[in-house]
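Contents: one structure, followed by commentary.
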Amino acid sequence: MDQKDIKFRCHGVQVYYGDTHAIKDVDVDIEDKTVTAFIGPSGCGKSTFLRCLNRMNDTIASCRVEGDIRLDDEDIYHRDVDPVQLRAKVGMVFQKPNPFPKSIYDNVAYGPKIHGLAKNKAGLDEIVEKSLRRAALWDEVKDRLDTPGTGLSGGQQQRLCIARAVATEPEVLLMDEPCSALDPIATAQVEELIDELKQRFSVVIVTHSMQQAARVSQKTAFFHLGNLVEYDDTNSIFTNPQDPRTESYITGRIG
Amino acid sequence: MPVIWIIVAVLAIAGAGYILGRQRALARAGGDRRELHSLPSYYGSNVALKVAVPSFLLLIAWMIVQPFVVENAVSGMIPQSEIDEGSSLGLVMAEVRRAATGLENAVAQGVITEDFARNARADITDITQRLKDAGQIVTSDITQTILHAAQRYRLLSATGDMMMAIAVLLVALAGALWGLRESVPLFRARNAVERVMRAILVAAASVAILTTLGIVLSLIFNTIEFFRLYPAWDFFTGTNWAPSFSGRGGSSELGVLPLLWGTFYISLIALLVAVPIGLFSAIYLSEYASKHVRSIAKPMIEVLAGIPTIVYGLFALLTVGPLLLAVFGKEGLGWMQAGTAVMTAGLVMGVMLIPFVSSLSDDIINSVPQALRDGSFGLGATKSETIRQVVLPAALPGIVGAILLAASRAIGETMIVVLGAGAAARLSLNPFEAMTTVTAKIVSQLTGDADFASPEALVAFALGMTLFVITLGLNVLALYIVRKYREQYE
């Protein structure tokens, strides 16, 4: 595998929720145009760490982040950085599909409208269609773009949320267990989608399914009790884990 | 036997039944409570309920029916000739009842003997005098017929009361026997008690519904009576409200439109004040305020809801009115004649409604799932963009419901209008003029000394009915919208 650009450089990241030390001294480099998977047992801090990358933790009052996280060599926790701008560059898809109670069209057009990405209605139409196509949803919804997004099935809703995130043209897409609320068929569709998305973005995915991590990612990070235990190529992690804890976890002895 | 003693006796039987039922069930199970279908206390409760519920129902029913029966029997004794010109059977019967109560109390005080009270040949003037001496008010001199009727009334009531006591106690004892016979180990006492509990809950719910029905019926009959005296068309389309107070003059103009306009205008101003302020404070409290601020500010806003409306009325009269007059009155812009005006009442009513709007909206905004906010933040939206474009649209149907509930409060409000808006019924667009509302006029039509059967008094019921239909419509609409909103997230 050839050397790729590093998108995120994280160094000595600590996260505290009040008195709880949730993330302990994590160093991780996330490559561009790569799918990186975070695995680990529940409560190990992988979602918390993911939410540090677009400062979603700012919305939690008791949360405190220390250390150095750089996106394209820029410190995202620097006081000059506007978290709102950052989140436009680092999109996020959540565990439970959360379409807005608006039409399918307005769901996708939401981000572009806020950030002024389209000059006119035709431009907006184009962005919506392109995003829905990229999320492999266009053919299913093109005839009912004005119906509520909440009326779609679970899998379709999640792909709508991905289309919504893709529409703002982010550089990184964070996915927090995007398939945990979906059936196997919808999961397969989303995974296929993730594979295509990595042509354009860096994708970071948190997952509980080790098979999923093995299927979709090129790099895998294993978290345990707030520590980053091991971070390597996905192949190495699953075939030749260095740390006994990683081995126990992927063989199903712990977690 | 006074009713209170009947109640005590029934409760005593129920208490004894509880203990006996419990003991009997345990005894039949050989002292082993695992042999019983239900816990022993359920067997006791079953007996107690079988004593108390039927006997109290009988007691209530008897107390409602007995006066009708007695009245019916006695009213037959009064000949048509006894009813004076301009009087009615009802008035004579009232006299009979008063005389009967007077006799009763006089006997109780020991002024007259029981025999004397029952003496059909008693001298009328003598008995009137004695009743007056005993402090029992007798409005006019008792006639022979009234005395006889009153004596008969007393007798029938006393017999009825006695029969009631016997019947209720018999029912209670029968219930105790029935319950005790059931207290055997195989009897499903727990399920039986459960059924009674459900029946009690259903009864409680029915009381609320039946009361509403009763209110509607009492309004309807008087409204129909009014429309018999005054044409409905003139009432609903009349633009002039000028009741004459000369009794049955028939020269009154009773058009509802000026009152409806006043109601609408004042409510509109109130909502224009309450909706933005209430909504904005709800948004601040639910989205921006820290937990600490919220825990102090929210109860303080809700204190507004606890202030009696008459106090708001005083505030309108003493503070807001003069303040507005200083700006818009003769000294200022010259639009306003006096402190009482639509604007005064509307502003104060708006303040009164703020907690309704803010408290309900706050709950509704809080119930919008956090996932939607996260989704919007995750796309790089700011807080106010998220609120405007995601949270508020999601909460909108609920907020509309809250506003409609506030509107029906505004329409039904009376005291602020009486003190703040004046009493003139007027169709005008100037918000600085005095106007009045439907509710305020209901009060003034019924508190005068107009004859209760005149259209001037009966119009109050037609007004009440109109108002009831309007607020009912608003509430139904609000409930419909709120329910539709609920379906979205479940």
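Residue numbers (my numbering), protein chains in the order written: chain Z, 1 to 255; chain F, 256 to 745.
Heads up, the beta-carbon is just placed ideally off N, CA and C, and yes, glycines get one too.
None of these values were measured; they are calculated from a predicted model.
- Check the Cα spacing between F/S310 and each of F/A349, F/I666, F/A267, F/L509: the tightest is with F/A267.
- Interface criterion met: the Cβ of Z/T168 is under 8 angstroms from a Cβ in chain F.
- When Cβ-Cβ separations below 8 angstroms define contact, F/P440 makes no contact with chain Z.
- Of the residues F/R409, F/I338, F/V329, the one whose Cα lies closest to the Cα of F/A363 is F/R409.
- Under the Cβ distance rule, F/L627 counts among the residues neighbouring chain Z, one pair being separated by less than 8 angstroms.
- For the segment 531–542 of chain F, the set of positions with a beta-carbon nearer than 9 angstroms to some beta-carbon of chain Z is empty.
- Within the segment 394–458 of chain F, the complete alpha helix (DSSP H) segments of 4 residues or longer fall at 399–437, listed in chain order.
- Closest by C-alpha distance to F/T721, out of F/T400, F/D416, F/I475, is F/I475.
- From the beta-carbon of Z/M92, the residues of chain F found nearer than 7 angstroms are G633.
- Listed along chain F is no residue with a C-beta nearer than 7 angstroms to that of Z/H78; the closest approach is about 17 angstroms.
- Note that the segment 457–474 of chain F does not touch the segment 679–693 of chain F; fewer than 3 beta-carbon pairs, one per stretch, sit closer than 8 angstroms.
- If you keep only unbroken alpha helix (DSSP H) runs of at least 4 residues inside the segment 74–109 of chain Z, you get 83–89.
- The criterion of a C-beta distance shorter than 8 angstroms is satisfied by Z/N107 and Z/G149.
- Annotation for Z/H224: no alpha helix (DSSP H) segment contains it, though the beta strand (DSSP E) segment containing it runs 219–224.
- Against chain F, the CB of Z/F201 has no partner CB under 8 angstroms away; the residue lies outside that interface.
- Counting the other Cβ atoms within 10 Å of the Cβ of F/Y543 gives fewer than 16, which makes it exposed.
- About 7 angstroms separates the Cβ atoms of Z/G111 and F/G635, confirming a contact at the 8 angstroms cut-off.
- In the structure shown, the three-state DSSP call for Z/Q242 is coil.
- Taken in chain order, the members of the segment 637–653 of chain F whose beta-carbon sits within less than 8 angstroms of a beta-carbon on chain Z are T637, E640, Q644, V645, P648, A649.
- When C-beta distances to chain Z are compared with 9 angstroms, every residue of the segment 272–287 of chain F stays at or above that value.
- Residues of the segment 205–225 of chain Z with a Cβ closer than 8 angstroms to any Cβ of chain F: none.
- Z/N227 sits in a strand when the DSSP states are folded into three classes.
- When rounded, the separation of the alpha-carbon atoms in F/M555 and F/M607 is 13 angstroms.
- The Cβ-Cβ distance between F/I401 and F/E350 falls below 8 angstroms.
- Counting along the chain, F/G630 sits inside the alpha helix (DSSP H) bounded by residues 625–633.
- Z/H224 counts as buried, since at least 16 other C-beta atoms from the protein chains shown sit within 10 angstroms of its C-beta.
- Nearest in C-alpha terms to F/M598, of all of F/I521, F/S343, F/M418, is F/I521.
- At a cut-off of 8 angstroms, the C-beta of Z/Q157 has no neighbouring C-beta in chain F.
- Secondary structure at Z/Q14: strand, using DSSP grouped into helix, strand and coil.
- Our two residues, F/A458 and F/M452, have alpha carbons roughly 10 angstroms apart in a direct line.
- Z/V190 is classed as buried because its beta carbon has at least 16 other beta carbons within 10 Å across all chains shown.
- Cβ neighbours of F/F570 within its own chain (closer than 7 angstroms, five residues either side excluded): V603.
- Annotation for Z/E31: the continuous beta strand (DSSP E) segment containing it runs 20–31.
- With respect to the 8 angstroms criterion, F/G594 and F/P577 are classified as neighbours on the basis of their beta carbons.
- When Cβ-Cβ separations below 8 angstroms define contact, Z/N54 makes contact with chain F.
- Of all alpha-carbon atoms in F/S336, F/F371, F/L424, the one lying nearest the alpha-carbon of F/I259 is that of F/L424.
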